[in-house]
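J.: First the structure, which I've put down as structure tokens, then a few questions once you've had a look.
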Amino acid sequence: MKVLVYCKYFNFKNLLDKPKIETFVVNLPQIPKVGETIVVERISAQKQFVIIFEYIVTAVQLNASKESTDTADAQVNACLNHCWEGTSNFKITNFLEK
Numbered sequence: 103m104k105v106l107v108y109c110k111y112f113n114f115k116n117l118l119d120k121p122k123i124e125t126f127v128v129n130l131p132q133i134p135k136v137g138e139t140i141v142v143e144r145i146s147a148q149k150q151f152v153i154i155f156e157y158i159v160t161a162v163q164l165n166a167s168k169e170s171t172d173t174a175d176a177q178v179n180a181c182l183n184h185c186w187e188g189t190s191n192f193k194i195t196n197f198l199e200k
């Protein structure tokens, strides 16, 4: 399933900064439910290591019409729960059940 993720996050060093919005597409074995976790691993181009992001799903919207094969099956809102550096090779995405 192709899922479009919208994530709003704040700069914890300066909470008065305007929140940033990040959008990305992930392929998951199933559409997540509210409260479930999405884990995304990305490689840092500058530092050459893996950064692991953990997002909690806060809302889910299914796409009723599939106009093209590039259209996402669902859109979810998520909040960044945790991120850390990893040492494994770059992987696409994992889906963790609650």
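Convert by adding 102 to the 1-based position in the sequence shown; the result is the number in this note's numbering.
Virtual Cβ for every residue (Gly too), placed ideally from N, Cα, C.
Since this is a predicted model, take the numbers as computed values, not measurements.
Compare the C-alpha of Pro131 against each of Val141, Thr125 and Lys122 and name the closest.
T.: Among Val141, Thr125 and Lys122, the Cα nearest to that of Pro131 is on Val141.
J.: For Lys104 and Ala176, I'd like the C-alpha separation in whole angstroms.
T.: Cα to Cα, Lys104 sits roughly 7 Å from Ala176.
J.: Gln132 by DSSP, collapsed to three states: which one?
T.: Gln132 falls in the coil class under three-state DSSP.
J.: Can you check whether the CB of Tyr157 is closer than 7 Å to the CB of Ala180?
T.: The answer is yes: Cβ separation under 7 Å.
J.: Less than 8 Å between the CB atoms is what I'm expecting for Leu65 and Phe155, so what's the real figure, rounded?
T.: Residue 65 cannot be examined here, being either before or after the span of the chain that is shown, 103 to 200.
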